[in-house]
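Q:
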Amino acid sequence: MAVEGNGAGRKTLIGLCPRIKPGVFQLLRAIQDIPGLTVRVVDYNGRVPFLSQLNSTHNSDIFIGMHGAGLTHLLFLPDWAAIMELYNCEDRGCYKDLARLRGVKYFTWSTAKEHLVYPEDAGRHPTNGTPHKKFTNYRFDPAEFKRQVNLAHHVSDPPDLTQLGKHGSVPDLQLLT
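Quick note on my numbering: the sequence shown kicks off at 177 and runs consecutively.
1. Just verifying my parser: in three-state terms, what is the DSSP assignment at Val179?
2. What does DSSP give as the partner residues of Met260 in its beta bridges?
3. Judging by CA-CA distance, which residue of Asp219, Val224, Asp255 is the nearest neighbour of Gly241?
4. Return the chain-ordered list of same chain residues with a C-beta closer than 7 Å to the C-beta of Ala206, the five sequence neighbours on each side being excluded.
5. DSSP three-state call for Arg278: helix, strand or coil?
6. Is Leu327 helix, strand or coil when you go by DSSP?
7. So, at 7 Å on beta carbons, what are the nonlocal neighbours of Val280 in its own chain, with the 5 sequence-adjacent residues on each side left out?
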């Protein structure tokens with residue numbers, strides 16, 4: 177889901193992992209009244225060209241998703257951006273460290289609020305069948321989700337963008353093969 181600000185071409189990308197699709201519309205409704213935001217859903221899958229994915233990410237202020245490989249897109253965020261890992265599936269350091277190395281702000285669901293994360297089931301590793309939190313679908317409390325989105329307010333006025341009308345694009349990127 178992407179959230180676009182109403183002024184000066186502001187954009188905030190919220191990429192949602194398939195494991196939260198059962199509750200995605202609840203989350204969309206929860207943030208629809210945040211001033212200056214327009215929401216659209218973005219799904220980075222195999223049908224979306226990689227350069228299009230890079231362009232979307234590069235033009236984003238906040239990137240939000242479940243723990244998973246898709247969060248590595250944080251490497252292509254602008255310098256002022258923030259990443260919000262909805263739930264880290266008890267792998268607390270992984271994307272936090274990557275965000276630190278990239279130099280973007282990191283947020284995740286507070287351990288004090290984990291009772292507001294609703295797993296579909298215990299989750300089972302696809303190879304050996306052992307229980308694992310990374311392999312299930314999740315729903316999230318909409319009010320807490322909204323509170324956490326508001327924590328990333330620092331991106332609404334990045335100093336480098338005050339005179340720009342939009343983030344720009346990356347049309348000159350080419351994949352080396």
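Ideal Cβ placement from N, Cα and C applies to all residues, glycine included.
None of these values were measured; they are calculated from a predicted model.
A: Put simply:
1. Note that Val179 scores a pLDDT of 47, beneath 50, so its modelled location is shaky and nothing firm can be said.
2. Ile240, Phe283
3. Asp219
4. Pro318, Ala319, Phe321, Lys322
5. helix
6. helix
7. Leu250, Leu253, Ala257, Ala258, Ile259
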